[in-house]
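Numbering (the working numbering), first residue to last: 21 to 360. Heads up: the structure comes next, in structure tokens.
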């Protein structure tokens, strides 16, 4: 029997485990939190078709909860140490539990950027400054209101917070922030049709199927207003509103706007847990601090160590479909390596 350890219980880990769920194989899915599901478990609806996140996650988890199940999920568990012994890897977990693995798959995903690092935007300082993650939780709880309980009449969504920003050492694009902002702007208009909703963007990167249609629909059907310009400063007014200063780079003019809610579209960063393990195992890290695969073209799921594989957003920002496809590709590589 072959043993495979998958480190990270987000959607990449779940999908990889499902694809490796075969007779004569024992798969351990390791998750540091109390539940598997990762960031998807925090989301309400998904772009571009507004599918409920809970439904998608349930369908993924169902694949590893079949009657013929060879996957063991270990939650509230951290990887303490990994050591190569012969052709196998000894993986030491919380409580000194050890697993002798024939292969390891890293699916440690990403962390969302901590918006408090951009102090000029006021997150954690002013009551009515939120992140896209906060807003999604409000959607899930059906309670999208200002901190004083009032319905917002004017809302601004700010793109590229923590992405494409040399000041925070994140030059890369997080890939999903533009379309998330468009999705959330449309949802806000569904809730509050009379509200003014503004999207402040650097460049709109609507690269995938349906994305451009969403952008046009947001303007023509929902009346969302798009301003090309980056926020420079936010300040709280006496009545708890947020005054923002930006530049409309298309008109070349400074702009001031007072809003009831300011929403920061936070990007992806390498997960702290993944980075710690990578250092312990001497896995290569790229200049963007994500895992560096063996080859960017045809070996993106391989590492410089035989028997250790990568999948999902641990190698860089990805959409949900991209993440799942990458997990399936990694599973194929593992099966080929172990000749399952």
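A virtual CB, placed ideally from N, CA and C, is assigned to each residue, including glycine.
- Sixteen is the threshold: since fewer than 16 other Cβ atoms of the shown chains lie within 10 Å of the Cβ of residue 115, the residue is exposed.
- Annotation: the segment 221-259 contains the following complete segments of the beta strand (DSSP E) (minimum length 3 residues), in chain order: 245-248 and 251-256.
- Contact annotation: the segment 322-331 does not touch the segment 226-233, with fewer than three C-beta pairs closer than 8 Å.
- The Cβ atoms of residue 63 and residue 156 lie closer than 9 Å to each other.
- Shown here for residue 112: same chain residues with a beta carbon closer than 7 Å to its own, the five before and five after excluded, namely 100, 101 and 118 in chain order.
- Of the candidates 108, 324, 278 and 292, 292 places its Cα closest to the Cα of residue 133.
- Annotated three-state conformation of residue 36 is helix, per DSSP.
- The way I'd put it, the segment 141-152 doesn't touch the segment 43-51; fewer than three beta-carbon pairs between them come closer than 8 Å.
- 202 is the residue among 202, 192, 335 and 274 whose C-alpha sits nearest the C-alpha of residue 240.
- DSSP places residue 296 outside any beta strand (DSSP E); the residue lies instead in the alpha helix (DSSP H), whose first and last residues are 292-301.
- Secondary structure at residue 159: helix, using DSSP grouped into helix, strand and coil.
- Between residue 142 and residue 54, the CB-CB gap reaches or exceeds 9 Å.
- The segment 58-73 makes contact with the segment 155-173: 3 or more CB pairs, one atom from each, lie closer than 8 Å.
- A residue is called buried when at least 16 other Cβ atoms come within 10 angstroms of its Cβ; residue 317 does not meet this threshold and is exposed.
- The DSSP-derived three-state label of residue 355 is helix.
- For residue 140, the closest alpha carbon among the candidates 86, 130 and 188 is that of 188.
- DSSP places residue 101 in the strand class (E or B) of the three-state scheme.
- One thing to note: residue 321 has its Cβ within 9 Å of the Cβ of residue 349.
- Each of 42, 90, 244 and 38 was checked against the Cα of residue 214, and the nearest Cα belongs to 244.
- When only Cα atoms are considered, residue 305 and residue 257 end up about 44 Å apart.
- A distance of 9 Å or more separates the beta carbons of residue 207 and residue 174.
- In terms of CA proximity to residue 259, 280 leads the group 268, 280 and 178.
- In summary, residue 70 is exposed, with fewer than 16 beta-carbon neighbours lying within 10 Å of its beta-carbon over all protein chains present.
- Within the same chain, 62, 132 and 286 come within 7 Å of residue 153 by CB-CB distance, once the 5 residues on both sides are set aside.
- Among the bridge pairs identified by DSSP, residue 121 is matched with 109.
- Its chain contains 83 and 84 as the residues whose beta carbon lies nearer than 6 Å to that of residue 38, once the 5 sequence neighbours on both sides are disregarded; these appear in chain order.
- In this structure, residue 343 and residue 34 do not form a Cβ contact; the two beta carbons are roughly 10 Å apart against a cut-off of 8 Å.
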